[in-house]
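**Student:** Each residue of the sequence shown is one higher than the last, beginning at 180 in the numbering used here.
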Amino acid sequence: MTRTPLLPPLVGAAGVLAALALWEWSATAGPLAASPLPAATVALAEAGRLLATPATWAALGDTLTMALVGLVLAIVIGVVLGVAIGTSPLAMHATRVPLEFLKPIPPIVILPIVVLVLGPTLSMGIFLVFFGCFIAIAVQASAGVFDTDPVARATGRSYGMGRGEILGRIVLPSALPYIGTAVRVAAPTSLVVAVVAGLLGGGPGLGQSLLLSQISGNQAQLFAYVLILGALGLLVQGLSQWGERRLLHWHPQYRKQAV
180 MTRTPLLPPL VGAAGVLAAL ALWEWSATAG PLAASPLPAA TVALAEAGRL LATPATWAAL
240 GDTLTMALVG LVLAIVIGVV LGVAIGTSPL AMHATRVPLE FLKPIPPIVI LPIVVLVLGP
300 TLSMGIFLVF FGCFIAIAVQ ASAGVFDTDP VARATGRSYG MGRGEILGRI VLPSALPYIG
360 TAVRVAAPTS LVVAVVAGLL GGGPGLGQSL LLSQISGNQA QLFAYVLILG ALGLLVQGLS
420 QWGERRLLHW HPQYRKQAV
């Protein structure tokens with residue numbers, strides 16, 4: 180049975196409409212009618228109004244700046260460090276425990292210290308995003324390098340390849356699926372951490388806008404910002420998946436999807 184390529188988007192759109200309809204019913208005539216929850220149409224209208232104001236786009240720019248700069252720094256430094264660790268079994272075993280210890284620690288734990296040192300600034304948000312993404316990328320990169328097929332390495336040496344050529348032609352391509360997965364997971368994480376930097380750390384961006392809406396009791400505006408962030412998260416997730424497919428178009432998993 181042939182599946183039309185339009186079917187997944189149509190099903191996804193139907194799911195979104197059903198969720199909005201359920202929200203509208205719950206807030207107007209359902210069990211949440213007496214609660215502060217605004218109707219879906221009210222929140223959508225407020226989101227449209229906010230997107231027409233320069234302040235919202237400025238906040239959106241600050242959030243994306245923190246997320247993207249922190250993510251790029253985490254990718255560059257994490258991949259370089261991960262490759263350096265993965266190429267040395269001694270370094271791999273020596274750093275495994277410290278990295279695995281730091282990996283589950285959320286950036287919010289160090290938020291008070293970072294705010295004290297850097298203040299509620301863009302730099303604070305960038306550092307938090309970097310901390311939240313760097314360790315996972317470094318761990319995945321080192322694991323990908325370390326798990327490179329030893330037969331492929333030996334074959335490269337038998338053909339007279341040097342260490343640098345083996346690294347570039349054999350080791351890094353073998354580690355790319357690990358790195359691509361880590362970056363795809365880290366991309367939405369960077370956005371979440373950037374919002375938290377403003378929501379709890381007082382930094383600029385949409386997180387601060389959320390906090391001000393909550394303090395003022397403007398529920399419609401609060402949920403409008405939630406909708407904007409949700410749409411932004413979908414965009415970031417879609418771009419990260421597209422980038423992974425472009426980076427790993429040669430991988431068997433993506434060749435099968437293209438057939």
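Backbone N, C-alpha and C fix where the C-beta goes; we use that ideal spot for every residue, glycine too.
Quick test of your reading: Phe310 and Pro283, contact by CB under 8 Å. State the CB separation rounded to the nearest angstrom.
**Tutor:** Start at 1 with the first residue of the sequence shown, and residue 310 comes out as number 131. Start at 1 with the first residue of the sequence shown, and residue 283 comes out as number 104. Not a contact, Cβ separation roughly 13 Å.
**Student:** Note down, in chain order, each residue of its chain lying with its Cβ closer than 6 Å to the Cβ of Leu389, except the 5 sequence neighbours on either side.
**Tutor:** On the sequence shown, residue 389 is found 210 positions in, with the first residue counted as 1. Closer than 6 Å at Cβ, skipping near neighbours: Leu378, Tyr404.
**Student:** Hey, quick one: how far does the alpha helix (DSSP H) through Trp148 stretch, first residue to last?
**Tutor:** Nothing can be reported for residue 148: it is not among the residues displayed for the chain, which extend from 180 to 438.
**Student:** With DSSP as the reference, label Gly409 as helix, strand or coil.
**Tutor:** Counting from one through the sequence shown, the residue named residue 409 turns up at place 230. Residue state, collapsed to three classes: helix.
**Student:** Can you give the Cα-Cα distance for Ala399 and Pro188, rounded to whole angstroms?
**Tutor:** If you number the sequence shown from 1, residue 399 lands on position 220. If you number the sequence shown from 1, residue 188 lands on position 9. Taking the straight line from one Cα to the other gives about 28 Å.
**Student:** Run through DSSP, which three-state label would Thr300 get?
**Tutor:** Looking up residue 300 in the sequence shown gives position 121. Of the three classes helix, strand and coil, the one that applies to Thr300 here is coil, per DSSP.
**Student:** Helix, strand or coil: which one does DSSP assign to Ala231?
**Tutor:** Along the sequence shown, read from residue 1 onward, the residue named residue 231 stands at position 52. In this structure, Ala231 counts as coil in the three-state DSSP scheme.
**Student:** State the CB to CB distance for the pair Ala238 and Leu370, rounded to an integer number of angstroms; the pair is presumed to be in contact (CB under 8 Å).
**Tutor:** Taking the sequence shown and counting its residues from 1, one reaches residue 238 at position 59. Taking the sequence shown and counting its residues from 1, one reaches residue 370 at position 191. That pair is no contact at about 13 Å.
**Student:** For Leu427, name the three-state secondary structure that DSSP assigns.
**Tutor:** Working through the sequence shown from its first residue, we reach residue 427 at position 248. Three-state result, Leu427: coil.
**Student:** For Pro215, count neighbouring Cβ atoms within 10 angstroms of its own Cβ and tell me buried if that reaches 16, exposed if not.
**Tutor:** In the sequence shown, the residue the question calls residue 215 occupies position 36. Pro215 comes out exposed.
**Student:** Helix, strand or coil for Ile358, going by three-state DSSP, please let me know.
**Tutor:** The sequence position of residue 358 within the sequence shown is 179, counting from 1. Three-state result, Ile358: helix.
**Student:** Take every Cβ of the segment 197-213, pair it with every Cβ of the segment 338-348, and state whether three or more of those distances are shorter than 8 Å.
**Tutor:** The segment 197-213, when compared against the segment 338-348, does not touch it at the 8 Å Cβ threshold.
**Student:** State the start and end residues of the unbroken alpha helix (DSSP H) segment that holds Pro268.
**Tutor:** Indexing the sequence shown from 1 puts residue 268 at position 89. 268-281 is the extent of the alpha helix (DSSP H) around Pro268.
**Student:** Could you check where the alpha helix (DSSP H) with Val330 kicks off and where it finishes?
**Tutor:** One-based indexing of the sequence shown puts residue 330 at position 151. Taken as a continuous stretch (DSSP letters only), the alpha helix (DSSP H) holding Val330 covers 329-337.
**Student:** Below 8 Å between beta carbons: does that hold for Leu278 and Leu355?
**Tutor:** Position 99 of the sequence shown, counted from the start, is the residue given in the question as residue 278. Position 176 of the sequence shown, counted from the start, is the residue given in the question as residue 355. Against a cut-off of 8 Å, the Cβ pair of Leu355 and Leu278 comes out as no contact.
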